[in-house]
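These notes concern the structure reproduced below.
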């Protein structure tokens, strides 16, 4: 079989969930029908693939419908509660006799008997071809206790039987329970009830119904992955699932339960392979519940709230969490989990709270819960209260008790189940409680020798270790990475370099570990783990490490743990991770032998009771070399997992090769609980001694270094959306690039090698070369650290594609318009590519037997139209540089990109085509700087930046010093005040959110193509498939090596993969899913020559982005100081003195693209193709060479999979579904009125499916008016009902939306001057200030306008507001995060982490309880009472607020203004005030 | 890395020249020393570029940003360590190199480059003054013997490198003193000979044996003899055949190749004597506008010439880089050396037509190419500084095919070996003899690279010695 890059296991899904419960516990058909209605109204949150009638999955969980079953099964049915139904999906058309026999014998073993079978009636005609092709048969089997020797517990017996059956027979049970029945399949939401005839039967009744609609990035037919699962329906993604699964496997032998009828060993694997993250989660919940824990208890163990830093939590609740943290690592990731066992139904939101979850309780005793409001019509007068699930909170409906059990009560009850606090006090020890031993660490004869031994480069010492110790921050670099791919390097690269960090994009959000620190935790526990299925004091006999980075002293404490009092029960064993430097056999053989022996030794020690293993490489000698710590950690970790001993002991690494964040992250990710980078610490001492590190004591410097490692690890985790080190350990969130299958299979199980690569011999050879240079220097060789030139070019270091000669030639060629010199440049670059710097260096074109004369090939002008320049923001680069690129690209009909910094309105003037400075591509990034209606309307393409090549998964920061007045104006911020781009888009936490943003932007400019920019990593193809299903027009795959203004070096070098991989994977995956024809693929990342372009085209790209090269053409000399504002050529700087030095001209840039296109023509002629289009995606025209390295089996042929000709490039347009927009009912009249500046009013009902209402009209008005702005309230639309997401997004001034009812997430997103007013329905009786009326992320990125909301809103209200006025009656967590301008007034309760990362704007908080300090995030704020001018301003605002919304809260405040005003506080940042005052005072 | 904003905070400041009237009265070097503080500040101007073009501009690959940073931090010892690691003789290059590194300095794009050469000088002098290591001494001997023919910078660099890994090196010089052009070609006011002697002393201490007055190729010492007596031979002959100006009258007395004149002058300075070719009270014409011409200029001034005219056939170079010689290459732009500040007239676009005189030169006839006028000038002494055309190979029997390149230099393979030559031991070549007339840094770079090749041959493994350049390579 040909290897391909498409791997369906990279699947992601996200979803809509809903639930209806009847508190009177009365089973009705109406409950089910209501749930199905919810499901259908959530259809936009699901998706379908290229085949629109094949859904990703939909399902419903109901209580056992006894009455219905009694009818269909007849008299055989035992009394309710004494039978169970197994609802089987059978791959064949019917259950064969063999299967029946097998099932019955297993049932028999656990004391059960089969009473009958029922074929479930379905209507297959509704299915699309994809789902029909894999359609299973559905049968329900009636099971009861056997008459003789019956099972003691029906439910547990059913569980055990089902586990064994599923492991032995190819059959799957949707449900197998006495309490619930689940109907689900690979269906669209509306198909569910059409398909299952039972669901249309009005005899079917239940008091609870849970529904789920799935949006999968794949279209691989999987009926079994539809949800709900047996206990849960999940909306989100478990980022750490790989580690969680491994840990469960590791625990298998320690698990025992005396309540289950079968031993655990017979139920294994407990976590079935090949299922989704949600399915694995469900399996573990199920295990915990079946073994005796309550369902809420099990769920909270797995998704604990952020307890570590919470200051308000009760001691007993904290003890509950602390105790369970020692039992199990969190299942971390965005999760809204709805759970149900047929008796209770509930939901929990993870600590970050990134999924929407809203509920209503009606006066007629029903509870409705869903991802959105308005999914089920409910009379407003019937609503008792409305609520939302908050981060870390749980919500439980117990229909037996007929009431809702709130978070507080539920957790209090759980916390009191056992004396957790007492157990912890008796058993658990913090490392800090132990005194450091007096022993000294071995003294090194020569630090330099050890540094050489462990492969330190001079750069590691100077740029990384010294920097971290000196300033306690990770070092920052810029301009990306253009050096050799590690697997092709001739230098001895550390094994760490062959793994890259995975990062979250689209399907789950990366986190901001700095601004949202309260949810992070670096705490780890070490010591053995006890049986997960029971609890006792002994379970927490563990040591707590506050951080996984151990100082040398801390390691000594652990090493000598047995010598301390009260530390009985801990046994530490130190094992040397060394192998023979010389001796018989090859290096690889000696290395492998040593690892095997060492693993055996560890296993023996653990068997003998060791529960802390320190793997140390301290004792290298001339004869003994160090095993790379990563290889060692992973080998030992996996060996212990295999032996089911992993949870019996903690692994601690004492490693000399660890020096940077990536190294620590890898060791943790591969199973180490803690790391002591001793040589780095000792190197710091040496630096101090040499005077290279000054102003700090050794203690301080080491502390700062450790601290920055710790921070870096948290950042690395948060890129993947993981908040706690405990769940990061063993999670393997990495990708191997260029390691042979033989090494991965043996030492890194679970990793597949897509390309092959270095062998164990290669690894051994590198280590031994370093070892020899340290211990056996050749005569005359200086014992001195080399500078490997990885970060800055060096003559004798790593090859860089941009080096003195290529930069010189490129500049000379384009300035002098000399194609001959350009060819010298490209041959230098291309030669280097083939001297193996890049993967494409191993590829070559297969010339056509019938080449064409070049004049028959399409013109350069038509090729150039496919080119664009990269996203570089105005702000990161100067006006001169930015407009030079824009002018050049516009002259050629190609496209430049605004970058994320907005665009000066003056540049919208396109009247002079020779000097048109308008960037055709407008970028929308997480900071939303300057993203206004006008900005969007002036786009040909709108690019959503999901990730950036140089630092995927991270946000950015533009320091205040770079915010010159002209930059502040464009970005709608304050000059001199720093700006933050958050790591995630706060309106994209999952794939369906991206679909929503695409829809919003399409509404904001229906003539523009919508791009989604992704960064190459393993699985990017699957994500791209999801993005294509979310209706993107263009998908950009960026290489990991892209340039940037500033990125931590760790990210610059170690996150993401080369574009060759990502592009080929995306092309193949889209083609395999029939989606390639729907989208255009663009690629960027260090494209430099015509050869690069043609190879990218053959791998599937039809458009090409260039960033670094055009900058070099414009004068960039790769100083790599963009982050310092000292660019000496006037490009990456705002310093006027330096900007004067800019020498670029648009003509140079034109010459560059002309030359590139000319080269492309030459290659096309060679390939015998008249146009580029003919060859796009045709990998057959490429051939692959093997690298010149006998110790590598690198093979890129998986990149060259042939795809069908109709799936090689875009041929059809996406249907964005704008036709159904509510706006069409008033758009034309509104626009016509706006053009005449005539008032216009309109009223209409609204439902949750009416999304982005007002946006389309707003964009039409903006387009029609150009520079002109309308007076407020000219166009007024009155809405009644529940609005869909993104109400009034990007709406310009002059428009007012008045909604009576409630709103979903993202109302007022990007508001550009318009007004949005939301008030409760007139019939509503609940108190608005206590009930939620609008969802999460209200007013995100708003630049001007007003949002008045009479009611409470969800999390993150006013995120990145830069100019709008927002008034609400209460908010959830993280309100006003990253705010840079505007005014927010909050008249009621606020959640945690208020104003985190806020740099500008004003927040007025009505705070009679004086609790602001409890809510405020850490930061430097000025918290003052109202001043005179505030008083008038606020009063005026509130008066208008009352007029518009009738807010009773505001009314009462105003009526008592003299007192009430004293309860307001004004919150601004000190920096903002300082700058504003400076401006005021001139 | 120096200081992030150093280049914006401080202007370029090179060393001060000693006043002209003062310096014309002696032969001492022209520059005054700079204070350590001043040098450190200049080091702070280095921008620690992502691509240090200077490092490519320098044939030696000097680690310029690294030592600049050390200098900024006043870590002179570590600066010296780095400098001597890539350059055997920074005390020479710091004085004599025309600094292609500074041409390539990124700061030079729109500002004045870092004073790299002067920093190098100061670091080297610091090292000598403070007894730091200025040469690597081998820990043990290999027992291999290498002969180096020629003791100019290439030969000396090759010798120093080979000795540093334990080979027994013998340097053969046909003149009466070691140093090649450094000894008698470079005037004292550019390189005081004490500096050269100081280096030679270090080399002798490290075990190198110098043989003067041995002319390899004559009957007494044939090349084959060396091949028999040594395990390898390195030819570092230099490019010593002067380019002459074949116009009528060039045979006249008073017309000398520049090197003849400079050698005489240098010997006279050494002996504190009057040169046999003395310019005192003479009308001097220097033909050639290059560095050798400038050396003659400074020398005739110090000898007390009555008038001096320096004539260059090419037109006056532009003050700024022409488009076809963009940064970071070493462009031909108008430069003045200190000698030009000391007096004399400079003419460009001036072609020499004829020398007039009876036996002794009396005047020369030149044509101004811009006006096409013929001009007569009085001349008592004419010095021809028109460059060199290649090594002297006849005596070695290497003059013809297949030993020479089209440029009349020695032809070597990629390992610096004259592979066409048989004999018991291989013969390597480097320096101007291979490359043709070039800069001192190229000579040192080639000497180092050839040494690596010799060592690889002798030790039968990859040499630990660095090879900064390959034969006939260019920086850009």
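Residue numbers (our numbering), protein chains in the order written: chain A, 131 to 1612; chain B, 62 to 537.
In this text, a Cβ means the ideal position worked out from N, Cα and C, and glycines have one as well.
CA-to-CA distance, residue 1522 of chain A to residue 647 of chain A, given in whole angstroms: Locating residue 647 of chain A in the first chain gives position 517, where the first residue counts as 1. Locating residue 1522 of chain A in the first chain gives position 1392, where the first residue counts as 1. Straight-line Cα distance between these residues: approximately 11 Å.
CB contact check: residue 1002 of chain A to chain C, cutoff 7 Å: The structure shown contains no chain C; its protein chains are A and B.
Validate contact between the region 1137-1154 of chain A and the region 658-669 of chain A using beta carbons, cut 8 Å, 3 pairs: no
Same chain, Cβ closer than 6 Å to residue 275 of chain B, five either side skipped, listed in chain order: What you label residue 275 of chain B is simply residue 214 of the second chain in a count that begins at 1. Excluding sequence neighbours, residue 275 of chain B sits near 233 and 282.
Between the CA atoms of residue 220 of chain B and residue 207 of chain B - distance to the nearest angstrom: Translated into positions along the second chain, residue 207 of chain B becomes position 146. Translated into positions along the second chain, residue 220 of chain B becomes position 159. Rounded to the nearest angstrom, the two C-alpha atoms are 8 Å apart.
For residue 926 of chain A, the nearest candidate out of B:535, B:534, B:530 and B:537 (CA to CA): Residue mapping note: residue 926 of chain A aligns to position 796 of the first chain, counting from 1. Ranking the options by Cα distance to residue 926 of chain A, first place goes to B:530.
Neighbour-count burial assignment, residue 1503 of chain A, 16 or more Cβ in a 10 Å radius: Mapped onto the first chain, residue 1503 of chain A falls at position 1373. Looking at its Cβ environment, which holds 16 or more other Cβ atoms inside 10 Å, residue 1503 of chain A is buried.
Stretch pair the region 351-367 of chain A + the region 183-201 of chain A: three plus CB contacts closer than 8 Å: yes
Residue 134 of chain B CB to nearest heavy atom of the ligand NAP below 6 Å: The ligand NAP is not among the ligands present in this structure, which contains no ligands whatsoever.
Reference residue 1515 of chain A, options A:1552, A:1526 and A:1565, closest by Cα: For the purposes of this step, residue 1515 of chain A is taken as residue 1385 along the first chain, with counting starting at 1. Closest option to residue 1515 of chain A, Cα to Cα, is A:1565.
Proximal residues, the region 930-960 of chain A versus chain B, C-beta separation under 8 Å: 930, 932, 933, 934, 935, 937, 938, 941, 942, 945 and 946
CB contact check: residue 472 of chain B to chain A, cutoff 7 Å: Mapped onto the second chain, residue 472 of chain B falls at position 411. Answer no: the Cβ-Cβ gap between residue 472 of chain B and chain A never drops below 7 Å.
Cβ-based burial, residue 127 of chain A [other Cβ within 10 Å; buried from 16]: Because residue 127 of chain A is not part of the residues shown, which for chain A are 131 to 1612, the question remains open.
DSSP state of residue 1198 of chain A mapped onto helix, strand, coil: Mapped onto the first chain, residue 1198 of chain A falls at position 1068. Helix, per DSSP.
Cα-Cα separation, residue 128 of chain B to residue 813 of chain A: Numbered from 1 along the second chain, position 67 holds the residue referred to as residue 128 of chain B. Numbered from 1 along the first chain, position 683 holds the residue referred to as residue 813 of chain A. Approximately 21 Å, taken between the alpha carbons.
Rounded straight-line distance, which links the Cα of residue 1410 of chain A to that of residue 1451 of chain A: Position 1321 of the first chain, counting from 1, holds the residue named residue 1451 of chain A. Position 1280 of the first chain, counting from 1, holds the residue named residue 1410 of chain A. Rounded to whole angstroms, residue 1451 of chain A to residue 1410 of chain A spans 8 Å at the Cα level.
Simplified DSSP assignment, three categories, for residue 339 of chain A: Working through the first chain from its first residue, we reach residue 339 of chain A at position 209. Three-state result, residue 339 of chain A: strand.
Straight-line Cα distance separating residue 120 of chain B from residue 536 of chain B: One-based indexing of the second chain puts residue 536 of chain B at position 475. One-based indexing of the second chain puts residue 120 of chain B at position 59. Cα to Cα, the separation comes out at about 7 Å.
6 Å CB neighbourhood of residue 1603 of chain A in its chain, flanking five on each side removed: As a working note, residue 1603 of chain A is residue 1473 in the first chain. 1552.
Whole-angstrom C-beta distance between residue 187 of chain A and residue 316 of chain A, which should lie under 8 Å: Residue numbering aside, residue 316 of chain A sits at position 186 when the first chain is read from its first letter. Residue numbering aside, residue 187 of chain A sits at position 57 when the first chain is read from its first letter. At roughly 6 Å, the Cβ-Cβ gap stays under 8 Å, so residue 316 of chain A and residue 187 of chain A are in contact.
In chain order, each alpha helix (DSSP H) run of at least 4 residues that lies wholly inside the region 1224-1287 of chain A: 1238-1243 and 1266-1269
Any C-beta of chain A under 7 Å from that of residue 477 of chain B: In the second chain, residue 477 of chain B corresponds to position 416, counting from 1. It does not: the Cβ of residue 477 of chain B has no partner Cβ on chain A nearer than 7 Å.
Residue 131 of chain A, buried or exposed, once every other Cβ within 10 Å from all chains shown has been counted against 16: For the purposes of this step, residue 131 of chain A is taken as residue 1 along the first chain, with counting starting at 1. Here the model assigns residue 131 of chain A a pLDDT of 36, short of 50, so the residue's position is not dependable, and the following value carries that caveat. Result: exposed.
is_contact[residue 271 of chain B, chain A] using C-beta, thresh 7 Å: Here residue 271 of chain B refers to the residue found at position 210 of the second chain. Not closer than 7 Å to any Cβ of chain A, the Cβ of residue 271 of chain B fails to qualify, so no.
Residues of its chain near residue 386 of chain A, where Cβ-Cβ distance is below 6 Å and the 5 sequence neighbours each way are ignored: The residue you call residue 386 of chain A lines up with position 256 of the first chain. So the qualifying residues of the chain are 661.
Start-end ranges of the beta strand (DSSP E) lying completely within the region 481-566 of chain A, minimum 3 residues: 488-492, 496-500, 513-518, 524-528 and 533-535
Pairwise C-alpha distance: residue 213 of chain A and residue 1509 of chain A: The count along the first chain starts at 1 and reaches residue 1509 of chain A at position 1379. The count along the first chain starts at 1 and reaches residue 213 of chain A at position 83. Roughly 58 Å separates the two Cα atoms.
Unbroken stretches of the beta strand (DSSP E), 3 residues or longer, contained in the region 282-366 of chain B: 293-296, 316-318 and 344-348
Chain A contact residues for residue 117 of chain B, given Cβ-Cβ distances below 8 Å: Position 56 of the second chain holds residue 117 of chain B. Ordered by position in chain A, the residues that pass the 8 Å Cβ test against residue 117 of chain B are 925, 933, 934 and 935.
CB-CB length for residue 1182 of chain A against residue 611 of chain A, believed under 8 Å: Working through the first chain from its first residue, we reach residue 1182 of chain A at position 1052. Working through the first chain from its first residue, we reach residue 611 of chain A at position 481. With a Cβ gap of about 5 Å, residue 1182 of chain A and residue 611 of chain A count as contacting.
For residue 434 of chain B, the residue or residues it bridges with in DSSP: The sequence position of residue 434 of chain B within the second chain is 373, counting from 1. DSSP output for residue 434 of chain B lists B:429 as bridge partner(s).
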